[in-house]
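Below is one structure; the comments refer to it alone.
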Amino acid sequence: MKLQKTRAMKLVELGDNLSYVKGKKPSALSLIQENDYLPYVDLELLTKGIVKSWTDGKDCLSCQKGDVLILFWGARSGFVGQAIDGFVGSTLAKISHPEVTNTYLYYFLKSKFLDLNHSSRGTAQPNLDQKFLRSLQIPLPSFDDQQKIVAPLVLLDAEGGDSEMRALGKKIKVSYL
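Take 40 as the starting number for the sequence shown in this note's numbering and just add one per residue.
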């Protein structure tokens, strides 16, 4: 049997090149879509797909479909979602890394939700521990390999597999209570 040489995947700390910009509360919010207003991307939009409010975006941080957003404040701090075209909510931050595709970063951080959430600081309104976030070690394959790694996850999400797995988990919990 002949063994092939394989390259070890490089591990890097996210903090080496991680950048994030926090969202802001807009001065103008509307409950209905007005001319030139775009969605105000908040936690409810990321978790349920429901647009509650719209804004003209003046002095706000814009986001595009596929940008990675992370919840910085609140009980679910560390929650990660993918943006739609709109403006980043005040409890969220847009996060990126130059050596990592947005999709790969999204799934990596999503897999670290419990660690991020449990490392939060504060009691009344927990804050994401930014030092802990930056210390996370991420495997760093090539961009092509990153796309290959996440392709099945993207497909699973597109087919609703993630929600099916959550529903199955709830059924299992109920049957054992």
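For each residue, glycine too, the CB sits at the ideal point set by N, CA and C.
Taking DSSP's pairing of strands, which residues face residue i in a bridge?
i, result
"R173", "None, per the DSSP bridge assignment."
"I188", "The partner list for I188 (beta bridge, DSSP) is empty, contrary to what the question assumes."
"E52", "Q176"
"C102", "G125"
"S69", "W93"
Name the residue from the options whose alpha carbon lies nearest to the alpha carbon of residue i.
i, options, result
"T140", "V90, L179, G117 and R115", "L179"
"N166", "Y79, K133 and A114", "A114"
"S174", "G54, Q121, M48 and Y143", "G54"
"Y143", "K187, S101, W112 and E73", "K187"
"K49", "A190, P191, V189 and S181", "S181"
"S116", "L68, K61, P78 and L131", "L131"
"L84", "G120, S158 and W112", "G120"
"G62", "S69, N56 and Y79", "Y79"
"D81", "D75, V189 and L110", "L110"
What number of angstroms, rounded off, separates the C-alpha of residue i from the C-alpha of residue j?
i, j, result
"I71", "F171", "39 Å"
"K64", "F147", "28 Å"
"S58", "G105", "16 Å"
"R160", "L108", "19 Å"
"E73", "E52", "43 Å"
"L192", "D183", "15 Å"
"A67", "D168", "30 Å"
"T86", "F118", "9 Å"
"K133", "W112", "13 Å"
"Q103", "Q185", "20 Å"
"Q176", "Y76", "38 Å"
"Y145", "V189", "10 Å"
With burial defined as no fewer than 16 other Cβ atoms inside 10 Å of the residue's Cβ, what is the status of residue i: buried or exposed?
i, result
"T45", "Unreliable placement is indicated for T45, whose pLDDT of 49 sits below 50; the coordinate value is still reported in the next sentence. By the neighbour-count rule (16 or more Cβ atoms within 10 Å), T45 is not buried but exposed."
"P137", "exposed"
"G88", "exposed"
"S150", "exposed"
"V60", "exposed"
"A163", "exposed"
"N56", "exposed"
"A122", "buried"
"S158", "buried"
"K212", "Residue confidence for K212 is low, a pLDDT of 44 falling below 50, so the modelled location carries little weight; the figure read from the coordinates is stated next. K212 comes out exposed."
So, is the C-beta of residue i closer than 8 Å to a C-beta in chain D?
i, result
"L110", "Absent from the structure: chain D. Only one protein chain is present."
Inset, instruction - Answer yes if the stretch 86 to 106 comes into contact with the stretch 126 to 133, meaning at least three C-beta pairs across the two stretches below 8 Å, and no otherwise. - result: Output reads yes: the stretch 86 to 106 touches the stretch 126 to 133.
Legend entry - Contact the stretch 178 to 198 vs the stretch 151 to 162: 3+ CB pairs below 8 Å: no
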